[in-house]
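Written out below as structure tokens is the structure these notes cover.
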Amino acid sequence: MSRPLADKWFRWGLLASAALSGAVVVLVVLFLLVASWPALADLGPGRYLTDTRWYPSGGLWGMSAMIVGTLLSTLGAVLLAAPLGILSAVFCHYYAPARMATLYRRLVELLAGIPSVVYGLWGLVVLVPIIARWHPPGTSLLAAILVLTLMILPTVALVADSALGQLPGSQVAGAYALGLSRAGVIWRIAVPAARRALATGTLLATARAIGETMAVLMVCGGVVNLPTSLFEPIRTLTANIALEMSYAEGLHRSSLFVTGLVLVLAVVTLVTVADRLGEEPTGG
Amino acid sequence: MIRLDTTGPTPAEPPLEGATAVPHSHSPDSDATVPYVALDRVGLSYDGTEVFRGVSLPLYRGAVTALVGPSGSGKSSLLTCINRLYELHPGARMSGTITVGGEDIHGAGADPVRLRRRVGMIFQKPNPFPMSIRRNLSLPLSEHRLPRAEWSARIEEALTAAALWDEVKDRLDHPAQALSGGQQQRLCIARALILEPEVLLLDEPCSALDPLATEAIEQLVMGLKCCYTMLMVTHNLAQARRVADQVGVLWGQGQPGELVEFGPTAQLFDDPQHPVTVAFMQRERA
Amino acid sequence: MANLLAAQGGRPLRDGLADLATWLGVTLVAGSALWVVADVIWHGVGAVNWGFVTTAPQDAGRAGGISTILVATFLVLLVCMTAALPLGLGAAMYLSEYGRGPMGRWVRRSLDVLAGVPSIVFGLFGAVFFVQVLGLGFSILAGGLTLACMVLPILIRTTEMAFSGLPQEYRAGAAALGFGPSGILLRVLLPAAAPGLVAGLILGVGRALAETAVLIFTSGYVDRMPDSLLDSGRVLSLHIFDLSMNVPGGDHNAYGAAVVLLLILLVINGIGGWLSRRWIGRGIVAS
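Protein chains in written order, with the working numbering: chain A, 1 to 284; chain B, 1001 to 1286; chain C, 2001 to 2287.
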């Protein structure tokens, strides 16, 4: 084959792989839509919110308990993970000696690298019995929150770490020169200056918590229940898909795809907002 | 093969497929009368902004032409017209015509790849690829599908021609980027020579080098003079005077560059005609 | 003056509380991390031995080992990377070299969205598209291909960064030697970008290995030795899930499998780091 021809084919090949890669997301959304269409057409989106209970074989399609389950577990995890993550980053930059900071960063990276199913295993075997001793049954909203917290903490910590690292040193030095104490410098100068990045990290962590399936599924109990306390079992939207997909048929199966569609919308919105936040200059 | 003044006249090389290049000849009078590369009212613009315009320049085989002028006058951009490298910039447009060996570089059937094989280029900053010395030299050979059996001979020849062979012959498989700046630049010259080009474009080849390495490169350029048509951009007037046979002054302060004066080196330095040239020479000398 | 004194009076206490909160928080995080890792190793390391890795699971996994699971995991990874690597490499080259136009912008935005899609949703997609529409059934092929869709964004992003981080001089230098576009990309830029590519590959493999939700409805639960790529096969992470959730008395082997999974991840990351250091060491010595 002559070179110009080879180059032409090569360029077409690159274009084709780029187009195909870009088309994957279109395919994903398309097939979610197609598969959820029967449920959307027959039941209408309203039924998922107005029905009181989730009982597909009995014609009840209420998802509110699972939506609340997802929201509460996510909210709880973010409320715990965001401050802990920020504290971690602050620790690495302003408290720890260099070697300890490196060691601690390694630990956080390790936390980020542990597969979710291992968190689930630990939660199920260690955490749940401890909670059960205190307040049965153990598999609960609290267990879900704690496991999720550990999983999303690295996201906040690593983003906050790099944000604090990018602050101009002159700002921090200037603050010390004004006679501020270490805590004053951190909480009045450094953290406020990095707030945009901290918000980005928190949003990304939120998206991760909403989409997480396995670890939550293993410790939440899987009961469709509107929780009134931290110790009651719950079921999240993702857990619902994982638990019922294998036997669901017809409208039931289609409803699970509706759940998937909602999850994609929620997560993509969060990630987009986080990206927007991240693009603009920090501290502005 | 690679021509050096020590090797004496070599038989004319068969022209590349499809090329209508005049056969190489080393008789001085034919070199002196017919320019091997001719620029005719050449201009270049990036995204609608003119860099230089109306440059006509004859380049002769066996001669070094230096292009001097203030920075920003478009000297380096002019070089990239001759091997069509300007086309890497999406918004670049060239006007006028350039012929290499009598062949219009934009003519029907002209191909930038074939052109660049005939027109080698040395860059301001040495740019060896992040690979071994040997691989830097064999890569162009394999890209142009030259028989593998010839590789090692050609590599030795090119490195010898670039006055680098003795320094690197025992470490051909070491990373090229471990060489010193001057050695890297000579490697880049060897890399250009290995394709046996007819024309060499040198874009301030010494600007990133220390005086000693600069001298080595200058020696090398003068040694290669006999067999190549060379165009060298430089900001160093003394260098132009030492190395070049003819000099062009490209001038453009805040507006598109133009060739204000062109002639034999001695004439241009001793008896500049154009007031801009006079002023430029004086300012550089000061 | 009075204000200043008042502020100074309150300061040591508040500062002390802030310091205390930081140390407490960090201790909590570090403690939990060590707790999880130590627990898995403590419970699991006793289960792991040569026999565990080389025998097939028996009695739903309570007894026996994980040999078939490891084979299935390897095959799923193989399918995933075979599909995702060329596609991702091509797309990344396109984006870094020709991706400034509307097409490039569209591909980038799509990949950003794709990166945000939760893994369980990839599972749903795979269950319809690969399992049903393409008729692959619950199979290693279907699971691997679905996984490929998931790792594509991370693979492309790291690869593109590796390419666009290369100095422009390499491109100009190669073009001036008469290299065509494919020559520049494949012979000059590709080797130069190799360390970044390896890092991306490692990241992708790590993500794929850790993934469970994608594979529940695509590669399936069957724990015997797969006959072909069209056979169902259970990957390591799914095995851990199944043993701990659905098999009473499976915890011991679940922990064993978890230790093996963590070990594999550790080794892969180690190899990746070593390779890219080696590459960099060879490329940019004393430059």
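All residues carry an ideal CB built from backbone N, CA and C; glycine is no exception.
CB-CB under 6 Å to residue i, same chain, minus the five flanking residues each way: which ones, in chain order?
| i | result |
| --- | --- |
| cysteine 1206 of chain B | Thr1214 and Ile1217 |
| alanine 1092 of chain B | Tyr1046 and Tyr1086 |
| threonine 242 of chain A | Note that residue 242 of chain A corresponds to alanine in the displayed sequence, not to threonine. So the list reads Thr213 and Leu217, once near-sequence residues are dropped. |
| leucine 1989 of chain C | Nothing can be reported for residue 1989 of chain C: it is not among the residues displayed for chain C, which extend from 2001 to 2287. |
To the nearest angstrom, how far is it from the Cα of residue i to the Cα of residue j?
| i | j | result |
| --- | --- | --- |
| leucine 1220 of chain B | alanine 1190 of chain B | 11 Å |
| leucine 1079 of chain B | proline 1211 of chain B | 24 Å |
| leucine 2185 of chain C | valine 2045 of chain C | 46 Å |
| proline 136 of chain A | phenylalanine 231 of chain A | 7 Å |
| valine 2128 of chain C | valine 126 of chain A | 36 Å |
| methionine 66 of chain A | valine 25 of chain A | 26 Å |
| tyrosine 2170 of chain C | phenylalanine 1129 of chain B | 6 Å |
| proline 2248 of chain C | proline 1175 of chain B | 59 Å |
| isoleucine 131 of chain A | serine 21 of chain A | 45 Å |
| cysteine 2149 of chain C | glycine 250 of chain A | 26 Å |
| leucine 107 of chain A | phenylalanine 1123 of chain B | 47 Å |
| arginine 1171 of chain B | asparagine 1127 of chain B | 19 Å |
| valine 223 of chain A | asparagine 240 of chain A | 9 Å |
| leucine 2243 of chain C | isoleucine 145 of chain A | 23 Å |
| methionine 1094 of chain B | isoleucine 1082 of chain B | 10 Å |
| valine 273 of chain A | alanine 6 of chain A | 43 Å |
Is the beta carbon of residue i sitting closer than 8 Å to the one on residue j?
| i | j | result |
| --- | --- | --- |
| leucine 84 of chain A | valine 2107 of chain C | no |
| alanine 2056 of chain C | arginine 2277 of chain C | no |
| glycine 2178 of chain C | arginine 1117 of chain B | yes |
| methionine 2245 of chain C | methionine 218 of chain A | yes |
| alanine 1153 of chain B | arginine 1186 of chain B | no |
| serine 2228 of chain C | glycine 2143 of chain C | no |
| glycine 221 of chain A | leucine 263 of chain A | no |
| valine 2053 of chain C | leucine 2075 of chain C | no |
| proline 115 of chain A | alanine 2210 of chain C | yes |
| glycine 1254 of chain B | glycine 1069 of chain B | no |
| valine 2205 of chain C | isoleucine 2268 of chain C | yes |
| glycine 2116 of chain C | valine 28 of chain A | no |
| alanine 112 of chain A | leucine 80 of chain A | no |
| leucine 2145 of chain C | valine 2079 of chain C | yes |
With a cut-off of 8 Å, does the C-beta of residue i fall near any C-beta of chain C?
| i | result |
| --- | --- |
| proline 1264 of chain B | no |
| leucine 32 of chain A | yes |
| methionine 1131 of chain B | yes |
| glutamate 1198 of chain B | no |
| aspartate 51 of chain A | no |
| proline 1147 of chain B | no |
| tyrosine 48 of chain A | no |
Hey, out of the options, whose CA is closest to residue i's CA?
| i | options | result |
| --- | --- | --- |
| methionine 2161 of chain C | C:Cys2080, C:Leu2229 and C:Ser2096 | C:Ser2096 |
| alanine 77 of chain A | A:Val147, A:Trp9, A:Gly44 and A:Leu180 | A:Val147 |
| proline 2086 of chain C | A:Phe10, A:Val258 and A:Leu87 | A:Phe10 |
| asparagine 1236 of chain B | B:Cys1226, B:Arg1283 and B:Leu1201 | B:Arg1283 |
| arginine 208 of chain A | A:Arg253, A:Ser21 and A:Leu153 | A:Leu153 |
| arginine 1053 of chain B | B:Pro1264, B:Arg1041, B:Gln1253 and B:Gln1183 | B:Arg1041 |
| leucine 277 of chain A | A:Gly58, A:Ala89 and A:Ala194 | A:Ala194 |
| isoleucine 234 of chain A | A:Ser88, A:Leu71, A:Met151 and A:Tyr176 | A:Leu71 |
| leucine 75 of chain A | A:Thr206, A:Asp275, A:Tyr94 and A:Met151 | A:Thr206 |
| leucine 2261 of chain C | C:Arg2207, C:Gly2250, C:Trp2023 and C:Leu2089 | C:Arg2207 |
| histidine 1299 of chain B | B:Leu1195, B:Thr1033 and B:Ala1266 | Chain B is shown from 1001 up to 1286; residue 1299 of chain B falls before or after that span and cannot be answered. |
| leucine 1044 of chain B | B:Ile1098, B:Met1232, B:Thr1229 and B:Val1037 | B:Ile1098 |
| tyrosine 247 of chain A | A:Leu30, A:Ser36, A:Pro56 and A:Leu15 | A:Pro56 |
| valine 2151 of chain C | C:Asp2112, C:Tyr2098 and C:Leu2024 | C:Asp2112 |
| arginine 1242 of chain B | B:Thr1065, B:Val1051, B:Val1276 and B:Lys1125 | B:Thr1065 |
Residues in its own chain within less than 7 Å of residue i by CB, not counting five upstream and five downstream?
| i | result |
| --- | --- |
| isoleucine 2216 of chain C | Gly2123 and Leu2238 |
| proline 1035 of chain B | Pro1058, Leu1059 and Tyr1060 |
| threonine 2212 of chain C | Ser2237, Leu2238 and Phe2241 |
| serine 1140 of chain B | Looking at the sequence itself, residue 1140 of chain B is proline, so the reference to serine does not match. Answer for proline 1140 of chain B: Arg1191, Ile1194 and Leu1195, listed in chain order. |
Taking only beta-carbon positions, decide if residue i is within less than 8 Å of chain B.
| i | result |
| --- | --- |
| arginine 2277 of chain C | no |
| valine 2188 of chain C | yes |
| alanine 2286 of chain C | Here the model assigns alanine 2286 of chain C a pLDDT of 28, short of 50, so the residue's position is not dependable and the matter cannot be decided. |
| alanine 2018 of chain C | no |
Would you say residue i reaches chain A, if we count a Cβ-Cβ gap shorter than 8 Å as a contact?
| i | result |
| --- | --- |
| leucine 2124 of chain C | yes |
| isoleucine 2140 of chain C | no |
Excluding the five sequence neighbours on either side, which residues of its own chain have a C-beta within less than 8 Å of the C-beta of residue i, listed in chain order?
| i | result |
| --- | --- |
| alanine 1019 of chain B | For alanine 1019 of chain B, the predicted structure reports a pLDDT of 37, less than 50, and the residue's modelled location is therefore unreliable. A value from the coordinates is still provided. These residues qualify, in order along the chain: Gly1101, Glu1103, Arg1114 and Arg1118. |
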